[in-house]
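Notes follow once the structure below has been shown.
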Amino acid sequence: MYDDTHGISEITLAISNGTSMSLLGRNGAGKTTLIRTLLGLLKPNSGGAIIEGIDVIADARDVRKITGYLPEAFGLYNDMTVTEILDYAAKLERIETVERTNRIHSLLEKLDLTDIKDMKAGNLSKGLSQKVGFARALLNDPQVIFLDEPTSGLDPVAARTMENLVTDLKHEGKTLLITSHILPEVEKMCDHVSLIKKGHLLASGTLDEVKSKYCHPTVLIRLQDQNCAKQAAILLRKNFNEPIDQEDDKIIVQTNKPDEVTASINKKLEDANLAVYEIKKQDSSLDDVYFKAMEE
Amino acid sequence: MVNVILEIAKKEIKTFFRQSRAFVTVVLLLIFGYISVYEIQNVLQHSGYTSSALSAALGTFLFLVAVYPASITSGISFMAFAVERDQKTLEYLLSLPPSDNEIFLGKFLAAVIAGLSCLALAFSLVIGYTVFANAIVWNGPLFNGSLSLLAFVVAPMLVVTFALIASILSRYLSSRDSFVTNLVSMAVLLGIFALKETITLDAFTFNLLIGVVLAVAIVGMGIFGAKNFNREKLVARL
Chain A
1 MYDDTHGISE ITLAISNGTS MSLLGRNGAG KTTLIRTLLG LLKPNSGGAI
51 IEGIDVIADA RDVRKITGYL PEAFGLYNDM TVTEILDYAA KLERIETVER
101 TNRIHSLLEK LDLTDIKDMK AGNLSKGLSQ KVGFARALLN DPQVIFLDEP
151 TSGLDPVAAR TMENLVTDLK HEGKTLLITS HILPEVEKMC DHVSLIKKGH
201 LLASGTLDEV KSKYCHPTVL IRLQDQNCAK QAAILLRKNF NEPIDQEDDK
251 IIVQTNKPDE VTASINKKLE DANLAVYEIK KQDSSLDDVY FKAMEE
Chain B
1001 MVNVILEIAK KEIKTFFRQS RAFVTVVLLL IFGYISVYEI QNVLQHSGYT
1051 SSALSAALGT FLFLVAVYPA SITSGISFMA FAVERDQKTL EYLLSLPPSD
1101 NEIFLGKFLA AVIAGLSCLA LAFSLVIGYT VFANAIVWNG PLFNGSLSLL
1151 AFVVAPMLVV TFALIASILS RYLSSRDSFV TNLVSMAVLL GIFALKETIT
1201 LDAFTFNLLI GVVLAVAIVG MGIFGAKNFN REKLVARL
């Protein structure tokens, strides 16, 4: 879609209405370029995109009317108050006077910004600035919202607030496309992920689909001691096809059917009189998936 | 469309006058205004306090007075994109529905409105003070062809030209470079002022010539500015 040195290529993505998708990838992978292309700010050399039935290339202006955007490195007009900033943005969105006032008022309340509405943007903390930027992105009540690193540089409390706001939008049925490097947050905020590396799409789908592409869930079994674990490993390798690792008093079994395998293993070890101290299913984290995908 | 253009223009003007840079322009107004009034007084002392002598003096020194509005104009025009880029507000602005033309015209209009208002104010102050501080003998019209051409055509065209130059340059330069455009605009005006004093052309022909040059420059830069403005280029530079 874009040039060789700085862009994206052969990315095919479909995001259903009301879903929240996270774009994951290293710095320079093309995440921001993809968002800018979807907003019609960059024109691709080839290819295209449709948002809510609107062609991004041909009708970029119409796309911008139904989308909201919080850029990664964004600033506010430091000499203007929070209300002035929102009012100016709403005027450029062509929101009528009465609706504009109501919308600003409700966003200030929703984002807990009422107390600072008359403060100059230059005096705001990073967390508050981020909230104002977020409010600005929601002024036109967009159906599709692009958030580029919404929690970047925020302290844990501000990040949690932002995370809750995103979750609220998700519950309101908005379609969200979010980039972030904070993977546990992504797991909480998004139900879909896309992995991008050097402008190419590696994988895309629900969290479980993407996880299963790179990592399998595991079953962890802890036995009485290292000796018992060795015996158990030999027994299990004879009876199961799944990869089995043994380390100290633990055995780790990689499997696509953790529930089924857990029950079978438990039974086999009981039959062999090997005391199982602990047996539990472990899901792979997005961290594991991310590192595995980026290593390939 | 007009509302959006006016909103952008209003915001740009407000922002400019909230900056410390506005203070510098006020100081410039006082300096150039004082120099002009002082020089006009000198001319009148030698030539007599007549409307024809005042007209000739104004024809010379109004060029100097125009430095102030030109400085304001290029200052505001430069904010168009350079300051937005520096304070990281440009990407959000470009992600909004207004068209390329609305954004460009809004910013350009701000510079032109502010520049022309300051021009009118500066001319009114210098002319008003000189007329009312002296017992002028009205031996003819003050605004003859040459002075009218300068005050109502050439000077406003200078403001528009500087607005165009600075708004085009602001796409490529950072706001730290804005002082360069201010210096260049002042140097150009002072150069024209010096040229006017050295060449033998009569004032009307000289002003007409400058007017034609400016008209060509405005049309040329207008076409260049409109053709070269697009979001993609601005976003690519972020």
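Chains A and B, in that order, give the protein sequences.
First residue of the first sequence? That's 1 in my numbering, and the numbers climb one at a time after it.
First residue of the second sequence? That's 1001 in my numbering, and the numbers climb one at a time after it.
Even glycine gets a Cβ: it sits at the ideal position worked out from N, Cα and C.
Since this is a predicted model, take the numbers as computed values, not measurements.
Residues of its chain near residue i, where Cβ-Cβ distance is below 7 Å and the 5 sequence neighbours each way are ignored
{"i": "Gly25(A)", "result": "Lys31, Leu195, Ile196, Lys197"}
{"i": "Gln143(A)", "result": "Glu52, Ile66, Lys174, Thr175"}
{"i": "Ala1009(B)", "result": "Gly1106, Leu1109, Ala1110, Ile1113"}
{"i": "Leu1094(B)", "result": "Arg1231, Leu1234, Val1235"}
{"i": "Tyr77(A)", "result": "Ile85, Ala121"}
{"i": "Cys1118(B)", "result": "Tyr1068, Pro1069, Ile1072"}
{"i": "Leu1125(B)", "result": "Gly1033"}
Where the alpha helix (DSSP H) through residue i begins and ends
{"i": "Asp208(A)", "result": "207-214"}
{"i": "Lys126(A)", "result": "126-137"}
{"i": "Lys188(A)", "result": "183-189"}
{"i": "Phe146(A)", "result": "Segment 144-148 is the beta strand (DSSP E) holding Phe146(A); no alpha helix (DSSP H) there."}
{"i": "Thr1089(B)", "result": "Neither: Thr1089(B) is in no alpha helix (DSSP H) and is coded neither H nor E."}
{"i": "Thr37(A)", "result": "31-38"}
{"i": "Ile1165(B)", "result": "1155-1169"}
{"i": "Ser1071(B)", "result": "1067-1078"}
{"i": "Gln224(A)", "result": "Where Gln224(A) is concerned, there is no enclosing alpha helix (DSSP H), given that its DSSP letter is neither H nor E."}
{"i": "Tyr290(A)", "result": "286-295"}
{"i": "Leu13(A)", "result": "From DSSP, Leu13(A) is part of no alpha helix (DSSP H); its letter is neither H nor E."}
{"i": "Glu278(A)", "result": "Looking at the DSSP string, Glu278(A) is not in any alpha helix (DSSP H); the run it does join, the beta strand (DSSP E), is 276-282."}
{"i": "Ile1113(B)", "result": "1100-1133"}
{"i": "Ile85(A)", "result": "82-92"}
{"i": "Val1083(B)", "result": "Careful: Val1083(B) lies outside any alpha helix (DSSP H) and carries neither H nor E."}
{"i": "Ser1148(B)", "result": "1145-1148"}
{"i": "Leu41(A)", "result": "Neither: Leu41(A) is in no alpha helix (DSSP H) and is coded neither H nor E."}
Where residue i falls, given that 16 or more other Cβ within 10 Å makes a residue buried
{"i": "Ser16(A)", "result": "exposed"}
{"i": "Met1(A)", "result": "For Met1(A), the predicted model reports a pLDDT of 47, less than 50, meaning its position is unreliable; a value from the coordinates is still stated below. With 16 or more other Cβ atoms within 10 Å, it is buried."}
{"i": "Leu1201(B)", "result": "exposed"}
{"i": "Glu149(A)", "result": "buried"}
{"i": "Pro243(A)", "result": "exposed"}
{"i": "Glu1091(B)", "result": "buried"}
{"i": "Ala58(A)", "result": "exposed"}
{"i": "Lys126(A)", "result": "exposed"}
{"i": "His192(A)", "result": "buried"}
{"i": "Gly1191(B)", "result": "exposed"}
{"i": "Gln224(A)", "result": "exposed"}
{"i": "Phe1132(B)", "result": "exposed"}
{"i": "Gly199(A)", "result": "buried"}
{"i": "Phe146(A)", "result": "buried"}
{"i": "Ile234(A)", "result": "exposed"}
Other residues of its chain near residue i: CB distance less than 6 Å, five sequence neighbours each side excluded
{"i": "Leu34(A)", "result": "Ile8"}
{"i": "Asp287(A)", "result": "Leu183"}
{"i": "Asn273(A)", "result": "none"}
{"i": "Phe1104(B)", "result": "Phe1229"}
{"i": "Pro258(A)", "result": "Pro217, Val219, Lys281"}
{"i": "Val170(A)", "result": "One detail in the question is off: residue 170(A) reads as Lys in this sequence, not Val. Around Lys170(A): Ser20."}
Range of the contiguous beta strand (DSSP E) that encloses residue i
{"i": "Tyr69(A)", "result": "67-70"}
{"i": "Met21(A)", "result": "20-24"}
{"i": "Glu163(A)", "result": "Looking at the DSSP string, Glu163(A) is not in any beta strand (DSSP E); the run it does join, the alpha helix (DSSP H), is 156-171."}
{"i": "Glu299(A)", "result": "Since the first residue of chain A shown is 1 and the last is 296, residue 299(A) is not available in this structure."}
{"i": "Ile244(A)", "result": "244-247"}
{"i": "Arg100(A)", "result": "No beta strand (DSSP E) contains Arg100(A), which is instead part of the alpha helix (DSSP H) from 97-110."}
{"i": "Thr179(A)", "result": "175-179"}
{"i": "Ile1223(B)", "result": "Careful: Ile1223(B) lies outside any beta strand (DSSP E), inside the alpha helix (DSSP H) at 1203-1228."}
{"i": "Val253(A)", "result": "250-254"}
{"i": "Leu195(A)", "result": "192-197"}
Same chain, Cβ closer than 8 Å to residue i, five either side skipped, listed in chain order
{"i": "Leu86(A)", "result": "Ile104, Leu107, Leu108, Val132, Ala135, Arg136, Leu139"}
{"i": "Val261(A)", "result": "Val219, Phe240, Glu242, Val253, Thr255"}
{"i": "Ser1047(B)", "result": "Ala1053, Ala1056, Ala1057"}
{"i": "Phe1123(B)", "result": "Leu1062, Val1065, Ala1151, Ala1155"}
{"i": "Asn1139(B)", "result": "Thr1050, Ser1051, Ser1052"}
Presumed contact (8 Å Cβ cut-off) between residue i and residue j, rounded CB distance
{"i": "Ala1203(B)", "j": "Ser1146(B)", "result": "4 Å"}
{"i": "Thr81(A)", "j": "Asp118(A)", "result": "5 Å"}
{"i": "Leu1030(B)", "j": "Ala1155(B)", "result": "Going by Cβ atoms, the distance from Leu1030(B) to Ala1155(B) rounds to 19 Å, so no, they are not a contact pair."}
{"i": "Thr179(A)", "j": "Ser22(A)", "result": "7 Å"}
{"i": "Ser1174(B)", "j": "Asp1086(B)", "result": "6 Å"}
{"i": "Ala357(A)", "j": "Asp248(A)", "result": "Residue 357(A) falls outside the range modelled here, since chain A spans only 1 to 296, and no answer is possible."}
{"i": "Leu1028(B)", "j": "Ser1077(B)", "result": "Wrong, their Cβ atoms sit about 16 Å apart, outside the cutoff."}
{"i": "Ser20(A)", "j": "Met189(A)", "result": "6 Å"}
{"i": "Glu1007(B)", "j": "Lys91(A)", "result": "5 Å"}
Contact with chain E by residue i, beta-carbon distance below 8 Å
{"i": "Pro142(A)", "result": "In the structure shown, chain E cannot be found, because the protein chains are A and B."}
Would you mind listing the beta strand (DSSP E) stretches within the region 1011-1035 of chain B that are 3+ residues and don't spill past its ends, in chain order?
none
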